[in-house]
Amino acid sequence: MKTHDAVLIPGDGIGPEVTAATLKILDAAGAKFRWTERQAGVVSLEQEGSVLPESTLGAIREQKLALKGPCTTPIGGG
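Numbering-wise, the sequence shown is residues 10 to 87 according to this note's numbering.
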């Protein structure tokens, strides 16, 4: 089976747990991926100043495939 290059965005809050379960399902189904991990959500807002930083968008543009776990919606700030 072909190995697919893809971006993995675990998310935050419950995201990493949901993403880990999803990866187990993909593995059990025999799907082959080579993951490039990037961040989005509150974690990236705190670290990079954006909920969807350019480094993540650039990786998605390059790979053309991404799996994103749940992300917390930031509160406030207009």
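We put the beta carbon where it would ideally sit given N, CA and C, even for glycine.
Which residues mark the beginning and the end of the beta strand (DSSP E) in which residue i is found?
i     : result
Lys33 : Here Lys33 belongs to no beta strand (DSSP E); instead the alpha helix (DSSP H) covers Gly24 to Ala37.
Ala15 : Thr12 to Ile18
Leu76 : Ala75 to Lys77
Thr45 : Lys41 to Glu46
In terms of alpha-carbon separation, which member of the options lies closest to residue i?
i     : options                       : result
Cys80 : Val51, Ile34 and Glu26        : Val51
Gly67 : Met10, Gly20 and Val16        : Val16
Thr93 : Lys11, Thr65, Gly24 and Glu26 : Given that the chain is displayed from residue 10 to residue 87, the structure contains no residue 93 and the question cannot be resolved.
Gly39 : Ile23, Thr12 and Ala29        : Thr12
For residue i, does the count of other Cβ atoms within 10 angstroms reach 16, so buried, or fall short, so exposed?
i     : result
Arg70 : exposed
Gly85 : exposed
Leu74 : exposed
Ala49 : buried
Gly83 : Position check: residue 83 holds Pro in this sequence, whereas Gly was assumed. Label assigned to Pro83: exposed.
Over what stretch of residues does the alpha helix (DSSP H) that includes residue i continue unbroken?
i     : result
Thr65 : Glu63 to Gln72
Ser53 : Val51 to Glu57
What does a CB cutoff of less than 7 Å around residue i pick up in its chain, not counting 5 residues either side in sequence?
i     : result
Asp21 : Gly50, Val51, Val52, Cys80 and Thr81
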